[in-house]
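Read through the structure below, which is laid out as structure tokens, and then see the notes.
In the numbering used here, the protein residues as written are 98 to 356.
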């Protein structure tokens, strides 16, 4: 552990510069800018540590197009022998910039002990940290067994369909090849999560019948039918969800229940 800590400490400046370099690639989503550029940066950055890289385009996924292709990258380092694989996953996209910035959102400016820029926390800082952690471990334990993977995935900010969901659906996280996954989202060092709530997407459509304004009694209002659906949710669904609570040590307390 002492050797590993030493290797990490020696890379503190590299951690800062890697974070800055990632911030300076404006991977705005929507629409999905510069996904290929950041994948190419990661390929070059990790090649010097012996990682091989595979580019994965999420063809046919929601949002993928010739103008804005959904590119992902999976980088892998093989150990000295057979063993389990630890996979670090980070998304490479960032939300829109918004207004009232006092610094260049894609400048990666360093001021004191802070780096300013869109995605510094969510989650290019985490991606940089996983790179440094992996490289430090490889240097400290060159004879380790197993494999280390680092992925940069698209579209997390808009559902992940062209990113981690596509990789999962195509076997990249199959238990036969990946046994452990670490996602370095910015939850503070005292909030290590060992699970995540699932999600269920659905569409509800109510139908009516159009009528002229002079004879509304001939029509049937779809909005009123939807009101009935929403009222049933208030009366039955939401109370039922509130009763489902996890035993996991989730913080804050209110987040223990299903929503």
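Using N, Cα and C, we set each Cβ at its ideal position, and we do this for glycine too. Computed from a prediction, not measured in an experiment: that's the story for all the values here.
| Asked | Found |
| --- | --- |
| Assuming the contact rule is C-beta atoms closer than 8 Å, residue 252 and residue 157 should be a hit. Round their C-beta distance to whole Å, please. | Residue 252 to residue 157, Cβ: 13 Å. No contact. |
| Any idea what DSSP makes of residue 102, helix, strand or coil? | helix |
| Could you give the uninterrupted runs of the beta strand (DSSP E) lying entirely in the stretch 263 to 340, keeping only those of 3 residues or more? | 277 to 279 |
| Buried or exposed: where does residue 295 fall if 16 or more other Cβ atoms within 10 Å of its Cβ makes it buried? | exposed |
| In terms of residue numbering, what span does the beta strand (DSSP E) encompassing residue 172 cover? | 168 to 175 |
| Out of curiosity, what's the CA-to-CA distance linking residue 236 and residue 191? | 31 Å |
| Is there contact between the stretch 290 to 310 and the stretch 196 to 211, where contact requires at least three CB pairs shorter than 8 Å? | no |
| Per DSSP, what kind of secondary structure is residue 156 in: helix, strand or coil? | coil |
| Between residue 214 and residue 120, how many whole angstroms is the CB-CB distance? I'm expecting something under 8 Å. | 4 Å |
| Could you tell me which residues DSSP puts in a beta bridge with residue 244? | 175 and 182 |
| If you reduce the DSSP assignment to three classes, tell me which class residue 130 lands in. | coil |
| Report yes or no: do the stretch 140 to 159 and the stretch 203 to 223 share at least 3 C-beta pairs separated by less than 8 Å? | no |
| What three-state label does DSSP hand residue 249 in the structure shown? | strand |
| Between which residues of its own chain and residue 147 is the CB-CB distance below 6 Å, once the five residues before and five after are set aside? | 174 |
| If you check the beta carbons only, do residue 169 and residue 280 fall under 7 Å apart? | no |
| So the alpha helix (DSSP H) residue 114 belongs to, where does it begin and stop? | 109 to 120 |
| Tell me whether residue 261 sits in a helix, a strand or coil according to DSSP, three-state version. | helix |
| Taking the alpha-carbon positions, what's the residue 144 to residue 231 distance? | 13 Å |
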